[in-house]
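Numbering (this note's numbering), first residue to last: 24 to 661.
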């Protein structure tokens, strides 16, 4: 897709002519280093850059895009949940797996796995064909390197995703094959009768100890009317005797959610040693402990036994994070209260968050977080304020609290589906880490109006941006626009980023792919590996945020007595200082079914009475609010 084609989405011919007068005032000067011209092009066609201009954002100048694969249409690689790019840091190799077709060969029903050294323009590939009558769709691919192996032919590709037959969506596939084509073992499972589709391609990963994991969101219903039926996780382990992966029965994880159970921005990530894993998305949790303001917040489950069992992480009020208080607007009803809200495809058009796990086993979530602003005195009616759109790295501290660091601002809105291409795209925020998890990285695609000298409103000409954080030293980098004013300026569509980076001395290389699309979503694409995206150890210079401390509790609430009960029960509320106190009861759908009106109470202990005579038998939650504090407990009505 050429620059001029995308510019025509929003700009007149006059503006196009003006685009040649670029505003360079905001671009940092940097040294340009020559590009090695001595590459051999054996397996695929390569594209080389010989940019020798003056000012660029990235200080390396040694970017190179190499053609490595192609697809029949965008549906082979468009989903952010697919694992398309992966790496083996110890071997210094990068892998790209996609639904094939297009100018570089294989059919649109096959999977092509391509691989090469991080800085090389020479790539090899292997094509995986499905069983007769089946078609691979939306595949995820990752490669496992058995201990002690140095030969790429003995590495094992793991694949998963949905498949179709002549009648439509059929089920999901999973399995493995060596890169030399030996020991191919792929299982095809039909969907359950009430499941419309089960993609089985969320966060496919494999740990150093040979454990593979992939998740899926189960969609219950039909193509025109379906709901989320929760997640399922598939776990496998490498069998050294067969050079294949043995797979266990799926594990189902069913969070209780509002809004028809909808959950967005799904991720599955594991720690460097594989001992800790997280399954997550953004949603409105039905438990007010986890969603005290009824907004999209992370819903997170944790495993410590290789994915066999999953437990919900303890609740945390994200409005307590100091970085949010410093950068987001407060609610109108309470100028001391900042209520963060995660973006998703229904709110602001963003479809994904990045996620990874650091050296300490702590989860990091990179995403766009906005504040909410209330016009209602009880702070239940929210709308978005006209504030800067910001990306944060939000992460666990390891003690039940969370913290955050501001990464960068988002410069443009998403491109919606009403453009000539026929499919929209967002900033495609993704995360990576070093092999040991001591450094984490955020990479995204955005259009920078300052570099173009044009007031772009949507992300029509995406560049590759990246940012890094050293979790051991608490130092982070400046955000860098890698591709601005280079040969690849504004031509970085459908970006995918590896979950692992490759360290070479003091440099941390981030494997990135971009694609050259056709005129519409149904035309073939060529996929390119972008080498030269890296940070140096010396780039980690800024000190991170102070740790979020758990505030001292000013409100204590007892369990209702009796419990279970019918009729009435009592709750003891203890206050450190005078406050307005209210009590609300919610059913499992999050609906407010009973309320004790707010009244001013002094310091000390007080008894509140709950009259449940109008409630049906079942499990309820009651929320006691005193000032800015709230405590949630469960109760059972007989």
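Yeah, the Cβ is synthetic: ideal placement off N, Cα and C, and Gly gets one too. Keep in mind that this is a model prediction, so the values were computed, not measured.
With fewer than 16 other Cβ atoms from the protein chains shown falling within 10 Å of its own Cβ, residue 190 counts as exposed. C-alpha of residue 107 to C-alpha of residue 388: approximately 19 Å in a straight line.
In the DSSP assignment, residue 181 is bridged to 165, 199. In the DSSP assignment, residue 563 falls outside any beta strand (DSSP E), carrying neither H nor E. Of the residues assessed, residue 287 falls on the buried side of the cut-off, its CB having 16 or more other CB atoms within 10 angstroms.
For residue 347, the enclosing alpha helix (DSSP H) has its first and last residue at 345-350. Assigned with DSSP and collapsed to three states, residue 97 falls in helix.
When DSSP states are grouped into helix, strand and coil, residue 119 belongs to the strand group. Taking every protein chain shown into account, the CB of residue 584 has fewer than 16 other CB atoms within 10 angstroms, so this residue is exposed. For residue 623, the closest of 648, 237, 146, 216 by C-alpha to C-alpha distance is 648. The Cβ atoms of residue 491 and residue 462 lie closer than 8 Å to each other.
Nearest neighbour of residue 244 by Cα position, chosen from 231, 259, 218, turns out to be 218.
A Cβ-Cβ separation of about 6 Å places residue 161 in contact with residue 224 under the 8 Å criterion. Counting other Cβ atoms within 10 Å of its Cβ, residue 640 stays below 16 and is therefore classed as exposed.
The three-state secondary structure of residue 516, taken from DSSP, is strand. For residue 479, the secondary structure class from DSSP, reduced to helix, strand or coil, is coil. The beta strand (DSSP E) runs lying completely inside the stretch 281-322 and spanning 3 residues or more are 287-293, 300-306, given in chain order. The beta-carbon distance between residue 538 and residue 548, rounded to whole angstroms, is 5 Å. This is short enough to meet the 8 Å contact definition. Residue environment for residue 411: exposed (fewer than 16 other C-beta atoms within 10 angstroms of its C-beta). In the structure shown, residue 591 adopts extended strand secondary structure according to DSSP, grouped into three states.
The continuous stretches of beta strand (DSSP E) do not include residue 507, and DSSP gives it neither H nor E. Of the candidates 256, 267, 289, the residue whose Cα lies closest to the Cα of residue 275 is 256. Taking C-alpha positions only, residue 485 is separated from residue 518 by approximately 9 Å.
In this structure, DSSP gives residue 112 a helical state, which the three-state scheme calls helix.
Contact between the stretch 324-331 and the stretch 615-634 is absent: fewer than three C-beta pairs spanning the two stretches fall below 8 Å.
Under the three-state reduction of DSSP output, residue 339 falls in the coil class, being neither helix nor strand. When 489, 334, 619 are compared, the shortest CA-CA separation from residue 559 is found for 489. Counted as a single uninterrupted DSSP element, the stretch harbouring residue 86 is not any beta strand (DSSP E), since DSSP gives it neither H nor E.
Beta-bridge analysis with DSSP links residue 426 to 418. Contact between the stretch 378-393 and the stretch 289-299 is established, with three or more Cβ pairs separated by less than 8 Å.
In the three-state reduction of the DSSP assignment, residue 474 falls in the helix class.
Within a 10 Å sphere around the beta-carbon of residue 413 sit 16 or more other beta-carbons, which makes this residue buried. Residues 293, 325, 326, 327, 380, 384 of the same chain have their beta carbon placed closer than 8 Å to that of residue 299, with the five preceding and five following residues left out of the count. A contact is defined here as three or more CB-CB pairs under 8 Å, and the stretch 169-176 fails this definition with respect to the stretch 117-135. With fewer than 16 other beta carbons inside 10 angstroms of its own, residue 216 counts as exposed.
Residue ranges of uninterrupted beta strand (DSSP E) with 3 or more members, entirely inside the stretch 127-173 and ordered along the chain, are 134-140, 147-151, 163-167.
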